[in-house]
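Under the UniProt record's numbering, think of the first position of the sequence shown as 36, with each following residue one higher. Ideal Cβ positions, reconstructed from N, Cα and C, are used throughout, including at glycine. One structure is given here, and the rest of the page talks about it.
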Amino acid sequence: RHRVLSGMQPSADSLHLGNYLGALVNWVRVQDDFDAFYFIPDLHAITVPQDPEALAQRTRVAAAQYIAGGIDPERSVLFVQSQVPEHAQLAWVLTCMTGMGEAMRMTQFKDKAAKQGQDAAGVGLLAYPMLMAADILLYQPHGVPVGDDQRQHVELTRDLAQRFNHRYGETFVVPAGFYPETGARIYDLQAPTSKMSKSAASPNGLINILEEPKKTAKKIKSAVTDDGTEVRFDREAKPGVSNLLTILSAVTDTPIPALEERFAGQMYGHLKVAVTDAVVERLAPVRERALELLDDPAELDRILAAGAAKAREVATPVLEDVYAKVGFLPPL
Ligand code: TYM
Numbered sequence: 036r037h038r039v040l041s042g043m044q045p046s047a048d049s050l051h052l053g054n055y056l057g058a059l060v061n062w063v064r065v066q067d068d069f070d071a072f073y074f075i076p077d078l079h080a081i082t083v084p085q086d087p088e089a090l091a092q093r094t095r096v097a098a099a100q101y102i103a104g105g106i107d108p109e110r111s112v113l114f115v116q117s118q119v120p121e122h123a124q125l126a127w128v129l130t131c132m133t134g135m136g137e138a139m140r141m142t143q144f145k146d147k148a149a150k151q152g153q154d155a156a157g158v159g160l161l162a163y164p165m166l167m168a169a170d171i172l173l174y175q176p177h178g179v180p181v182g183d184d185q186r187q188h189v190e191l192t193r194d195l196a197q198r199f200n201h202r203y204g205e206t207f208v209v210p211a212g213f214y215p216e217t218g219a220r221i222y223d224l225q226a227p228t229s230k231m232s233k234s235a236a237s238p239n240g241l242i243n244i245l246e247e248p249k250k251t252a253k254k255i256k257s258a259v260t261d262d263g264t265e266v267r268f269d270r271e272a273k274p275g276v277s278n279l280l281t282i283l284s285a286v287t288d289t290p291i292p293a294l295e296e297r298f299a300g301q302m303y304g305h306l307k308v309a310v311t312d313a314v315v316e317r318l319a320p321v322r323e324r325a326l327e328l329l330d331d332p333a334e335l336d337r338i339l340a341a342g343a344a345k346a347r348e349v350a351t352p353v354l355e356d357v358y359a360k361v362g363f364l365p366p367l
């Protein structure tokens, strides 16, 4: 069976609707057809400052949300990145094969470095994509299900895999990005031209999976809409309405044209009611299950330890092969 692999940073107290619809739903969908590896990239999280206690808690929260969202740790390998040291070990080799210019062209690096100021930004931000390439290449997956915003990192991963294979002989499978068709990008409810993100300007712009349903309803009701009255998908002229249509389409598995037909002659308010009901209905059981799992952190840690052991069975021989090819002495 072919493999897939993906991860989401534990950098907030909850995943948001963009992570859920842009990534997690897709992960769940593919876990039946592939050997799936899903992990929590806590090494990536520390590329920006993190409070240690909060990071540990957020890592468990992320794991609970993966499981509550439908990742089955019996069928998929679910683990925490820092518990599989091969990620950091392979990352160094790939970092040494990456050009400075190549790394500096990554738009996520440019955005994050600009936010922190060139001098304050850590070198980890620049090294981030090579660590991500290591995450992927260690497991030889054919597909990497991610949102559209990770495209550039997946492209770099492909380049590095090809470069390594060329220089040292066939080693890595060159992976493809799997990008979802709907819900590929969910935008901020208050600023629907920027993607929904934990660093949203207004807390009302993003929906957190673990927040009270009442709060979610309120945020959708106060979502920014556009001029005019027609419910129509038009990213340029109607970013707010288009975002609501995207969300409804993803949550209810209904194509956008069918939704446009259904809301013909209706007002923005009708659309908002439908989106609210659908999102709340969809998220409520996920939230409840996640909170239940978090009540028993020891059990959660046990699931993650079992996942890390399974991950290492795959990662260790790949790293050993790489180290030998690079010219390192055999492992002790
Ligand atoms: P991260 O943690 O920023 O995002 C996790 C996943 O959620 C998707 N996503 C969105 N999708 C739709 N709309 C949005 N507003 C939205 N915001 C986030 C992202 O596309 C992503 O799929 N670098 C990765 C984490 C990572 C990784 C990996 C992924 C580390 N190593 C190896 C795959 C394979 C990241 O920061 O994603």
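Exposed unless 16 or more other CB atoms sit within 10 angstroms - verdict on residue 110
In the sequence shown, the residue the question calls residue 110 occupies position 75. By the neighbour-count rule (16 or more Cβ atoms within 10 Å), residue 110 is not buried but exposed.
So, at 8 Å on beta carbons, what are the nonlocal neighbours of residue 315 in its own chain, with the 5 sequence-adjacent residues on each side left out?
Counted from its first residue, the sequence shown places residue 315 at position 280. Cβ neighbours of residue 315 beyond the five flanking positions: 248, 251 and 252.
Helix or strand or just coil, what does DSSP make of residue 164?
Locating residue 164 in the sequence shown gives position 129, counting from the first residue. The answer is helix: DSSP assigns residue 164 an H, G or I state.
Identity of the residue in 360, 364, 367 and 39 nearest residue 202 by Cα
Position 167 of the sequence shown, counting from 1, holds the residue named residue 202. Among 360, 364, 367 and 39, the Cα nearest to that of residue 202 is on 360.
Proximity test, residue 179 beta-carbon vs ligand 1 heavy atom, cut-off 7 Å:
Residue numbering aside, residue 179 sits at position 144 when the sequence shown is read from its first letter. Yes, Cβ of residue 179 sits closer than 7 Å to a heavy atom of ligand 1.
Which runs of the alpha helix (DSSP H), 4 residues or longer, sit entirely within the stretch 157-210?
The qualifying runs are 158-172 and 186-203.
Pick from 157, 221, 105 and 237 that is closest to residue 323, judged by C-alpha positions:
Position 288 of the sequence shown, counting from 1, holds the residue named residue 323. Each of 157, 221, 105 and 237 was checked against the Cα of residue 323, and the nearest Cα belongs to 105.
Three-state secondary structure (DSSP) of residue 342
In the sequence shown, counting from the first residue as 1, residue 342 sits at position 307. Looking at residue 342 - three-state DSSP - the assignment turns out to be helix.
Quick one: which unbroken alpha helix (DSSP H) runs of 4-plus residues sit fully inside the stretch 277-356? Chain order, please.
Listed in chain order, they are 291-297 and 303-329.
Straight-line Cα distance separating residue 133 from residue 38:
Translated into positions along the sequence shown, residue 38 becomes position 3. Translated into positions along the sequence shown, residue 133 becomes position 98. Whole-angstrom Cα-Cα distance: 25 Å.
Exposure label - residue 376; buried when at least 16 CB within 10 Å:
Nothing about residue 376 can be read from this structure; the chain reaches only from 36 to 367.
Could you name the residues that DSSP lists as bridge partners for residue 71?
Position 36 of the sequence shown, counted from the first residue, corresponds to residue 71. When DSSP reads this structure, residue 71 sits in a beta bridge with 39.
Any contact between the stretch 164-172 and the stretch 109-125? By contact I mean 3 or more CB pairs, one from each, below 8 Å.
Yes: the two stretches touch, three or more of their Cβ pairs being nearer than 8 Å.
Considering residue 113, what are the terminal residues of the beta strand (DSSP E) in which it resides?
If you number the sequence shown from 1, residue 113 lands on position 78. It spans 112-115 - the beta strand (DSSP E) in which residue 113 sits, taken as one unbroken run.
Let me know if residue 286 comes out buried or exposed under the rule of 16 or more other beta-carbons within 10 Å of its beta-carbon.
As a position in the sequence shown, residue 286 is number 251, starting the count at 1. Buried, since its Cβ has 16 or more Cβ neighbours within 10 Å.
Buried or exposed (CB count within 10 angstroms, at least 16 for buried), residue 142
Counting from one through the sequence shown, the residue named residue 142 turns up at place 107. In the assembly as shown, residue 142 is an exposed residue. Its beta-carbon has fewer than 16 other beta-carbons within 10 Å.
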